[in-house]
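Engineer: These protein sequence lines are chains A and B, in that order.
Just add 57 to wherever you are in the first sequence, counting from 1, and you've got the working numbering.
Just add 57 to wherever you are in the second sequence, counting from 1, and you've got the working numbering.
Number of protein chains: 2
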Amino acid sequence: MSTTMSTKILCKDAEATALKLRLDTGLRVRLAARSNEYTKSTSGLAPTYLQANLVVLPSRYAADFRGLCARNPVPCPLIAESSSVGNYSSLKSYLPRLSTSSQLAAGLDLRTDCPRYNVYDGSRLSKAGVSAVTDEWTDDHVAFLIGCSHCFESALECAGFTVRHSVQDRTVPIYRTSVPLNPSGIFTGSTYVVSMRPFPKKDIERVREITRAYAPTHGEPLAWGWDALARLGIADIDLPQWGDAPLTEDGQQPLGTLVGDDNNVPVFWGCGVTPQEAIMKAPLEGTILAHAPGHMLVLDCREDDVL
Amino acid sequence: MSTTMSTKILCKDAEATALKLRLDTGLRVRLAARSNEYTKSTSGLAPTYLQANLVVLPSRYAADFRGLCARNPVPCPLIAESSSVGNYSSLKSYLPRLSTSSQLAAGLDLRTDCPRYNVYDGSRLSKAGVSAVTDEWTDDHVAFLIGCSHCFESALECAGFTVRHSVQDRTVPIYRTSVPLNPSGIFTGSTYVVSMRPFPKKDIERVREITRAYAPTHGEPLAWGWDALARLGIADIDLPQWGDAPLTEDGQQPLGTLVGDDNNVPVFWGCGVTPQEAIMKAPLEGTILAHAPGHMLVLDCREDDVL
């Protein structure tokens with residue numbers, strides 16, 4: 058690499074870092090996403106601001122999807138939806154402490170305010186990672202915002218716990234399970250999807266306690282222990298279906314080399330990929346929109362507002 | 058049997074029938090239970106009035122139990138709780154359409170208004186079928202009312218469907234499953250308990266649709282089909298853990314003689330025994346109170362008020 062090119066890359070990195078630092082509120086992230094000034098993952102952006110998964114469905118599926126969330130609140134915590142069919146700028150909140158749309162996200166445009174989107178034709182991905190869905194949005198679409206686990210991870214870090222994938226700069230490992238979701242209308246036959254973070258056995262009760270309060274963002278773990286893998290129908294801890302494979306604390310070995318170890322006990326939470334899976338498995342027709350993985354909608358409210 | 062004795066029995070039956078007919082509102086049932094004029098099962102009493110399962114816990118377990126219901130709303134639909142710790146006469150409603158305690162049950166006394174109660178010392182049954190728990194109730198107790206399936210059974214009957222155990226004058230069969238509950242605090246390691254009603258395969262979508270609306274009383278089925286037994290971990294349809302074994306339509310054979318039959322497909326709903334099981338499995342201490350099985354609390358609101 059020539060010195061000139063290397064300097065250019067360094068400059069670009071410095072610019073990117075400066076931009077990231079400037080995106081310190083939900084509103085700033087949304088505006089930068091809207092103008093395409095920012096089109097990357099929202100991980101680490103606007104600390105303490107609540108981030109949400111976005112799912113947009115044709116209105117004929119809205120009641121069944123609302124029911125799916127109501128019947129499976131641990132993996133599918135619904136925090137808000139379009140205030141009316143076709144509305145991309147105003148939300149109905151399900152968070153008890155935040156009643157108005159502007160408390161959630163002022164001046165919102167759900168068609169542009171995620172950094173990246175995926176577009177599906179039924180269950181077939183038709184466009185990956187587009188920067189806006191203005192052309193795809195119709196007056197028959199209904200948006201749903203689902204809580205995400207960034208929220209309780211921050212709380213764990215504040216309490217002095219190490220969230221391993223985070224310090225190792227990896228993506229949280231995510232697994233399909235055999236635990237059935239409670240079906241709702243057209244959404245049948247799906248199962249829980251879970252995320253995993255390892256903790257020492259002695260810390261698990263405290264980890265449960267800290268995350269319990271964050272009910273709209275999955276709340277406390279749904280299972281823990283090496284024996285939980287069998288109960289959840291997870292064949293191999295080293296082969297997550299999404300995210301990066303988990304590692305030992307020193308980052309040198311797969312976590313599966315420590316099966317049974319009390320200092321590295323897998324702890325499983327409900328995961329927002331669950332409703333996406335349920336949608337992909339259902340025989341839906343029409344245009345479905347979602348944020349691209351990791352490119353979430355960042356809100357104006359704070360993580361502690363879900364408490 | 059002598060003619061005199063037979064006449065006496067007939068008179069007694071006629072009296073009992075007359076009493077049942079007079080108990081045509083929730084209030085009348087509660088007052089008759091309070092005075093011990095009526096001490097039998099509430100099945101068939103006060104048609105259209107909402108009946109509820111009662112669980113009363115020491116206050117230190119209240120938050121965890123509330124969380125258990127919130128995280129598992131299909132088998133544990135919480136419809137109300139004591140408006141404050143120790144309160145046996147006023148309820149906080151979780152039904153969206155009924156906000157005041159008096160809309161649920163005017164002049165309530167939770168210590169006397171079920172026809173029969175069970176008393177537990179921790180998880181040990183210490184008194185079965187007592188007519189009041191006035192002496193056991195303390196100012197540290199919190200009562201929880203959980204929805205029950207009578208509600209959607211009425212709706213199915215109104216729509217012209219046969220609820221088989223009901224026309225056969227038997228108790229609905231209830232099964233333990235291997236599907237894990239989402240844990241909440243001290244309530245860990247429990248599984249769903251489900252009730253079963255057989256329907257012809259062609260009717261299942263309509264049965265799902267009718268019961269879907271009754272979200273606070275378990276809502277739509279959580280599984281259906283002969284293959285659902287394996288998914289739920291139910292070993293034998295003819296050996297329910299509670300209630301009566303299910304029969305063929307003519308009442309002559311166990312339902313299990315028809316495995317695979319499309320006219321007798323098992324349909325499973327979440328069951329209010331689930332929270333009772335979770336309580337019995339948890340390492341609780343102190344005095345726990347509950348209605349005796351079948352001897353429910355009858356409310357002033359109507360079944361359709363949960364819609």
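Don't be surprised by glycine CBs; every beta carbon is placed ideally from N, CA and C.
Looking only at its chain, what residues have a beta carbon closer than 7 angstroms to the beta carbon of ARG359/B, apart from the 5 residues adjacent to it on each side?
Structural biologist: Position 302 of the second sequence holds residue 359/B. For ARG359/B, where only same-chain residues beyond five positions count, the Cβ hits under 7 angstroms are THR105, TYR106 and LEU107.
Engineer: Please report the residue range of the beta strand (DSSP E) in which GLU138/A lies.
Structural biologist: In the first sequence, counting from the first residue as 1, residue 138/A sits at position 81. From DSSP, the beta strand (DSSP E) with GLU138/A extends over 135-139.
Engineer: Give the interface partners of GLY164/A over in chain B, defined as CB-CB distance under 9 angstroms, in chain order.
Structural biologist: Counted from its first residue, the first sequence places residue 164/A at position 107. Ordered by position in chain B, no residue passes the 9 angstroms Cβ test against GLY164/A, which lies about 30 angstroms from the chain.
Engineer: Kindly provide the ranges of any alpha helix (DSSP H) runs that are 4 or more residues long and lie completely inside the stretch 263-299 of chain B, ordered along the chain.
Structural biologist: 285-289, all fully within the stretch 263-299 of chain B.
Engineer: I'd like the list of long-range same chain contacts for VAL113/A, defined as Cβ closer than 8 angstroms, with 5 residues on each side in sequence excluded.
Structural biologist: Translated into the one-based positions of the first sequence, residue 113/A becomes position 56. Hits under 8 angstroms: LEU167, VAL190, TRP194, HIS198, VAL199, ALA200, PHE201, ILE345, LEU346 and ALA347.
Engineer: Identify the residues that DSSP records as bridge partners of VAL251/A: which are they?
Structural biologist: The residue labelled residue 251/A in the question sits at position 194 within the first sequence. According to DSSP, which records beta bridges pairwise, VAL251/A is partnered with TYR232/A and GLY327/A.
Engineer: Checking contacts by CB at 8 angstroms: is GLY300/B closer than that to chain A?
Structural biologist: Position 243 of the second sequence, counted from the first residue, corresponds to residue 300/B. No, no contact with chain A.
Engineer: If we count the other Cβ atoms within 10 Å of its Cβ and call it buried at 16 or more, is ASN321/A buried or exposed?
Structural biologist: Position 264 of the first sequence, counted from the first residue, corresponds to residue 321/A. Buried, by the Cβ-count rule.
Engineer: Just to make sure I have the definition right: I need the residues of chain A whose C-beta is within less than 8 angstroms of the C-beta of LEU279/B. Which are they?
Structural biologist: Position 222 of the second sequence, counting from 1, holds the residue named residue 279/B. The answer, in chain order, is PRO237, ASN239 and PRO240.
Engineer: Assign LEU296/A to one of two classes, buried (16 or more other C-beta atoms within 10 Å of its C-beta) or exposed (fewer than that).
Structural biologist: On the first sequence, residue 296/A is found 239 positions in, with the first residue counted as 1. LEU296/A is exposed by the Cβ-count criterion.
Engineer: THR169/B and ARG254/B - do their beta-carbons sit closer together than 8 angstroms?
Structural biologist: In the second sequence, the residue the question calls residue 254/B occupies position 197. In the second sequence, the residue the question calls residue 169/B occupies position 112. No; because the gap between Cβ atoms is not below 8 angstroms, this pair is not in contact.
Engineer: Work out the CA separation of CYS205/A and ASN239/B for me, nearest whole Å.
Structural biologist: The residue you call residue 239/B lines up with position 182 of the second sequence. The residue you call residue 205/A lines up with position 148 of the first sequence. Their backbone Cα atoms lie some 17 angstroms apart in a straight line.
Engineer: Should PRO340/A be labelled buried (16 or more other beta-carbon atoms within 10 Å of its own) or exposed?
Structural biologist: Residue mapping note: residue 340/A aligns to position 283 of the first sequence, counting from 1. By the 10 Å Cβ count, PRO340/A comes out exposed.
Engineer: Using 8 angstroms as the limit for Cβ to Cβ distance, is ASP362/B near chain A?
Structural biologist: What you label residue 362/B is simply residue 305 of the second sequence in a count that begins at 1. Judged by the 8 angstroms Cβ criterion, ASP362/B is not in contact with chain A.
Engineer: When the Cα atoms are used, what is the spatial distance from LEU78/A to SER223/A?
Structural biologist: Translated into positions along the first sequence, residue 78/A becomes position 21. Translated into positions along the first sequence, residue 223/A becomes position 166. About 18 angstroms.
Engineer: Please determine, among VAL142/B, PHE122/B and SER140/B, the residue with the shortest C-alpha to C-alpha distance to PRO134/B.
Structural biologist: To locate residue 134/B, count along the second sequence from 1; it is residue 77. Selected option, being the one with the closest Cα: PHE122/B.
Engineer: Distance check for ILE336/A and LEU165/B, CA to CA, integer angstroms please.
Structural biologist: In the second sequence, residue 165/B corresponds to position 108, counting from 1. In the first sequence, residue 336/A corresponds to position 279, counting from 1. Distance between the alpha carbons of LEU165/B and ILE336/A: 45 angstroms.
Engineer: Whole angstroms are fine: how far does the CA of GLY282/B sit from the CA of LEU315/B?
Structural biologist: Start at 1 with the first residue of the second sequence, and residue 315/B comes out as number 258. Start at 1 with the first residue of the second sequence, and residue 282/B comes out as number 225. C-alpha separation (whole angstroms): 12 angstroms.
Engineer: Judging by CA-CA distance, which residue of PHE244/B, LEU354/B, LEU155/B and GLU342/B is the nearest neighbour of GLU334/B?
Structural biologist: Taking the first residue of the second sequence as position 1, residue 334/B is located at position 277. For GLU334/B, the nearest C-alpha among the options comes from PHE244/B.
Engineer: Straight-line CA distance for TYR249/A to VAL264/A?
Structural biologist: What you label residue 249/A is simply residue 192 of the first sequence in a count that begins at 1. What you label residue 264/A is simply residue 207 of the first sequence in a count that begins at 1. Each residue's alpha carbon lies about 21 angstroms from the other.
Engineer: Using a Cβ-Cβ cut-off of 8 angstroms, state whether VAL250/A counts as contacting chain B.
Structural biologist: As a working note, residue 250/A is residue 193 in the first sequence. For VAL250/A, the answer is no, since every Cβ of chain B falls outside 8 angstroms of its Cβ.
Engineer: Going along chain B, which residues have a C-beta under 7 angstroms from VAL131/A?
Structural biologist: Your numbering for residue 131/A matches position 74 in the first sequence. Those are ARG128 and ASN239, listed as they occur along chain B.
Engineer: In whole angstroms, what separates the C-alpha of TRP326/A from that of ASN175/B?
Structural biologist: For the purposes of this step, residue 326/A is taken as the residue at position 269 of the first sequence. For the purposes of this step, residue 175/B is taken as the residue at position 118 of the second sequence. Rounded to the nearest angstrom, the two C-alpha atoms are 36 angstroms apart.
Engineer: DSSP three-state call for MET58/B: helix, strand or coil?
Structural biologist: The count along the second sequence starts at 1 and reaches residue 58/B at position 1. Residue placement at MET58/B cannot be trusted, given a pLDDT of 46 that sits under 50; what the coordinates show is reported in the next sentence. Reduced to three states, the DSSP call for MET58/B is coil.
Engineer: Which residues bound the beta strand (DSSP E) around GLN310/A?
Structural biologist: One-based indexing of the first sequence puts residue 310/A at position 253. Unbroken run through GLN310/A: none, as it is neither H nor E.
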